[in-house]
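Some notes on the structure that comes next.
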Amino acid sequence: MNLDLQKVLPAEAFETEQNEGDYIGKDGLLYCGVCRTKKQTRLPASDFTGGREIIVPCICKCKVEENKRKEEEEKKRQEMQRLERLKASSLMDAKLKAARLDGYQVDGDNQKIYNLAGNYVKRFDEMYEKRQGLLFWGTVGTGKSYTAACIANELLNQMIPVVMTSFVKILQNIQGNPDEEERIMAGLNAAKLLIIDDLGAERSTDYALEKVYNIIDSRYLSGKPLILTTNMTLKDMQESEDIRYRRIYDRIFEMCFPVRFAGRSWREKAASKRFDAMKNLMEE
Numbered sequence: 114m115n116l117d118l119q120k121v122l123p124a125e126a127f128e129t130e131q132n133e134g135d136y137i138g139k140d141g142l143l144y145c146g147v148c149r150t151k152k153q154t155r156l157p158a159s160d161f162t163g164g165r166e167i168i169v170p171c172i173c174k175c176k177v178e179e180n181k182r183k184e185e186e187e188k189k190r191q192e193m194q195r196l197e198r199l200k201a202s203s204l205m206d207a208k209l210k211a212a213r214l215d216g217y218q219v220d221g222d223n224q225k226i227y228n229l230a231g232n233y234v235k236r237f238d239e240m241y242e243k244r245q246g247l248l249f250w251g252t253v254g255t256g257k258s259y260t261a262a263c264i265a266n267e268l269l270n271q272m273i274p275v276v277m278t279s280f281v282k283i284l285q286n287i288q289g290n291p292d293e294e295e296r297i298m299a300g301l302n303a304a305k306l307l308i309i310d311d312l313g314a315e316r317s318t319d320y321a322l323e324k325v326y327n328i329i330d331s332r333y334l335s336g337k338p339l340i341l342t343t344n345m346t347l348k349d350m351q352e353s354e355d356i357r358y359r360r361i362y363d364r365i366f367e368m369c370f371p372v373r374f375a376g377r378s379w380r381e382k383a384a385s386k387r388f389d390a391m392k393n394l395m396e397e
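In C-alpha cells:
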C-alpha cells in the first residue's frame with residue numbers, strides 16, 4: 114500500500130524553522146547556526162514518500178538539549194507541586210513542618226534515638242515492606258513529637274506520602290459525621306506512613322476509645338507502618354486491666370517497636386543554657 118506522507122500530513126509538518134545564523138550546507142540541507150548540526154534530513158524514496166526522496170525537519174543537537182532541559186525543569190516543577198500537596202495533606206502542625214534531622218539537637222541523652230530516626234528514613238523501603246512501626250514513649254518534652262516530625266519531613270522530601278496527626282484532631286473531625294469519618298479513614302490508610310502524636314491525650318469515653326481502636330486496627334489491616342508517640346509509660350500500657358485499653362495496646366505492640374525517650378526535657382536543657390549564658394554575662 115502506498116502512503117504518501119506529503120498528502121497525509123499538513124504542509125506545516127515539512128516546514129523547518131529557520132533562525133538567524135542558520136545556513137544551508139553543502140548537502141543542500143539546513144544546519145543550525147549555533148550547534149552546527151542538521152535541522153533537516155532526507156528520507157529516501159519509498160512507498161511512504163510517494164516514491165521520491167523528500168526533505169523533512171529534524172531536531173538539531175542544541176534543540177535536543179533545550180528540550181531535555183525544559184523537560185527536567187517541568188519535572189522539577191511538578192515534583193515541587195506534588196511535594197507541596199503532600200505536605201498540605203500531611204495534616205502536620207505548622208511548628209513541626211520545619212523539623213529536620215540536620216537540625217536535631219544531638220547529645221548524650223538522644224544520640225541513639227537520632228541514629229534510629231536516621232536509619233528508619235534511610236531504610237524506609239525495608240521498614241515499609243516489613244510493616245515495621247515505632248512507639249515513642251517517655252516523659253513530656255523529651256523530643257518524641259519532634260523526632261517523629263523529622264522522620265515525616267525527611268520522607269515527604271523524598272515524595273513519600275506521610276500523614277502526621279493526633280487522635281484528638283481525628284475525633285474532632287469525625288464526631289457525628291459518618292461521611293467525613295469514611296473520607297478521613299481512607300486518607301489515613303492511603304499514606305505510606307501514618308504518624309499519630311500524643312496517644313492518651315484523647316478523652317476516655319467509650320466512643321473515643323472505640324474510634325481509637327478502629328483507627329489502629331484499620332491501619333493494621335492495611336499492612337502499612339504506624340508511628341505513635343505517647344507520654345504514658347510502657348508499664349502503664351502493658352499492665353492495663355481495662356479491656357478497652359488492653360485491646361488497643363495489644364494491637365499497638367503487634368505493630369510498633371517501643372523506643373524510650375529519657376533524660377531532661379528539651380525545655381529544661383534550653384532553660385539551663387540560657388541560665389548559664391546569663392550567669393556568664395553577669396560574671397564578666
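Take the sequence shown: its position 219, counting from 1, is numbered 332 in the numbering used here, and each next residue is one higher.
The beta-carbon is built from N, C-alpha and C at its ideal position, and this holds for glycine as well.
C-beta contact flag for residue i and residue j at 8 Å
i           : j           : result
residue 203 : residue 275 : yes
residue 214 : residue 230 : yes
residue 100 : residue 305 : Given a span of 114 to 397 for the chain in the structure shown, any question on residue 100 remains unanswerable.
residue 302 : residue 331 : yes
residue 170 : residue 183 : no
residue 258 : residue 310 : yes
residue 246 : residue 340 : yes
residue 369 : residue 196 : no
residue 308 : residue 260 : no
residue 150 : residue 174 : yes
residue 338 : residue 193 : no
residue 167 : residue 156 : yes
residue 364 : residue 333 : yes
residue 244 : residue 300 : no
residue 284 : residue 242 : no
residue 399 : residue 135 : With the chain running from 114 to 397 in the structure shown, residue 399 is simply not present.
Bounding residues of the beta strand (DSSP E) (the contiguous stretch that carries residue i)
i           : result
residue 153 : 153 to 156
residue 276 : 275 to 279
residue 301 : Unbroken run through residue 301 is the alpha helix (DSSP H), 291 to 303; no beta strand (DSSP E).
residue 341 : 339 to 343
residue 237 : Per DSSP, residue 237 belongs to no beta strand (DSSP E); it is in the alpha helix (DSSP H), 237 to 242.
residue 169 : 167 to 170
residue 269 : Looking at the DSSP string, residue 269 is not in any beta strand (DSSP E); the run it does join, the alpha helix (DSSP H), is 257 to 269.
residue 127 : Run containing residue 127: none; DSSP gives neither H nor E here.
residue 138 : Per DSSP, residue 138 belongs to no beta strand (DSSP E) and is neither H nor E.
residue 246 : 246 to 251
residue 310 : 306 to 312
Rounded distance between the beta-carbons of residue j and residue i, thought under 8 Å
i           : j           : result
residue 313 : residue 345 : 5 Å
residue 374 : residue 256 : 6 Å
residue 269 : residue 199 : 5 Å
residue 361 : residue 326 : 5 Å
Start and end residues, alpha helix (DSSP H) containing residue i
i           : result
residue 357 : 356 to 368
residue 349 : 347 to 351
residue 319 : 319 to 335
residue 196 : 174 to 202
Residues near residue i in its chain [Cβ-Cβ closer than 6 Å; skip 5 each side]
i           : result
residue 343 : 250, 312 and 313
residue 211 : none
residue 222 : 376
residue 408 : The requested residue 408 does not occur in the structure, where the chain is confined to residues 114 to 397.
residue 130 : none
residue 400 : Examination of residue 400 is not possible in this model, given that the chain is present from 114 through 397 alone.
Residues near residue i by beta carbon distance below 8 Å, same chain, minus five either side
i           : result
residue 133 : 146
residue 127 : 119, 167, 168, 169 and 170
residue 367 : 333
residue 252 : 344, 374, 375 and 378
Same chain, Cβ closer than 7 Å to residue i, neighbours up to 5 away in sequence not counted
i           : result
residue 137 : 143
residue 371 : 248, 250 and 347
residue 353 : 359 and 362
Review point. Are the region 229 to 237 and the region 258 to 270 touching, with three or more C-beta to C-beta distances below 8 Å?
Key: Verdict: yes, contact present.
Point to revise | Inter-stretch contact at 8 Å, needing at least 3 Cβ pairs: the region 219 to 230 / the region 164 to 179 | key: Judged by Cβ distances under 8 Å, the region 219 to 230 makes no contact with the region 164 to 179, as fewer than three pairs qualify.
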